[in-house]
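The sequence shown finishes on residue 174 if you use our numbering, and the numbering steps up by one all the way, no holes.
Notes to accompany the following structure.
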Amino acid sequence: MGKSWTTRRRNDERDLNRWLRKGQTVYIVRTPEYAGRSALWNHPQYWTEHTVTGKHPVLGGWVFDKSPTTNVASLFALADNNTIYDAPPPGVPHASDPGPDCRDEGLYGIGRGQEFKGTFGSQNDGAEEMRRLAIEAAKRTKADKKSGARKGWF
Numbered sequence: 021m022g023k024s025w026t027t028r029r030r031n032d033e034r035d036l037n038r039w040l041r042k043g044q045t046v047y048i049v050r051t052p053e054y055a056g057r058s059a060l061w062n063h064p065q066y067w068t069e070h071t072v073t074g075k076h077p078v079l080g081g082w083v084f085d086k087s088p089t090t091n092v093a094s095l096f097a098l099a100d101n102n103t104i105y106d107a108p109p110p111g112v113p114h115a116s117d118p119g120p121d122c123r124d125e126g127l128y129g130i131g132r133g134q135e136f137k138g139t140f141g142s143q144n145d146g147a148e149e150m151r152r153l154a155i156e157a158a159k160r161t162k163a164d165k166k167s168g169a170r171k172g173w174f
């Protein structure tokens, strides 16, 4: 593994600023953000790269990815463990790498090289289910109006 800089060591930020040059790329490891129960990413952690595009016109610090707000301090804040690497960290996938293969997992795992032998149902099954859900929602709305529940804010 190459060199790394962290906020936990004294003078590492200054050392990184001295090491950087225009066109150099640094890497950070991030943990994905989740939206409700659905994961936005397939990995528990992933790395992203950031390239130095020049110096800030007013403040003078290094600017990454042509964004005047992305500097060394903001990369330290974005990174897990506040660590910046000079090479992609080993064992951590890139954000765009495919996720794990889950065909063998779970109750309905098909298995590698196996054919799905179940039935998908007809189109009418879906229409019947939508009708049933609509009737159920209408009943719930009627019951709520009757009981005074779920009144609007205004």
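Beta carbons: idealized from backbone N, C-alpha and C, even for Gly.
Does DSSP put THR161 in a helix, a strand or coil? helix
Just to check my reading of the structure: GLY43 and VAL72 have Cβ atoms closer than 8 Å, yes? What is that Cβ distance to the nearest angstrom? That belief holds up - the Cβ atoms of GLY43 and VAL72 are roughly 6 Å apart, short of 8 Å.
Under DSSP, the beta strand (DSSP E) around GLU69 begins and ends at which residues? For GLU69, the enclosing beta strand (DSSP E) has its first and last residue at 66–75.
Mind checking whether the beta-carbon of GLU69 lies closer than 8 Å to any heavy atom of the ligand FMN? The ligand content of the structure shown is nil, which means the ligand FMN is not present either.
Once DSSP output is grouped into helix, strand and coil, what is the label at VAL112? coil
Own chain partners of VAL49 with C-beta closer than 8 Å, once the 5 adjacent residues on each side are dropped: Apart from the 5 residues on each side of it in sequence, VAL49 sits with its Cβ closer than 8 Å to the Cβ of GLN65, TYR66, TRP67, ALA99, ASP100, ASN101, THR103, TYR105, PRO109 and VAL112 in its chain, given in chain order.
For VAL83, report the span of its beta strand (DSSP E) as first-last. 82–84
Local conformation of VAL46 per DSSP, three classes: strand
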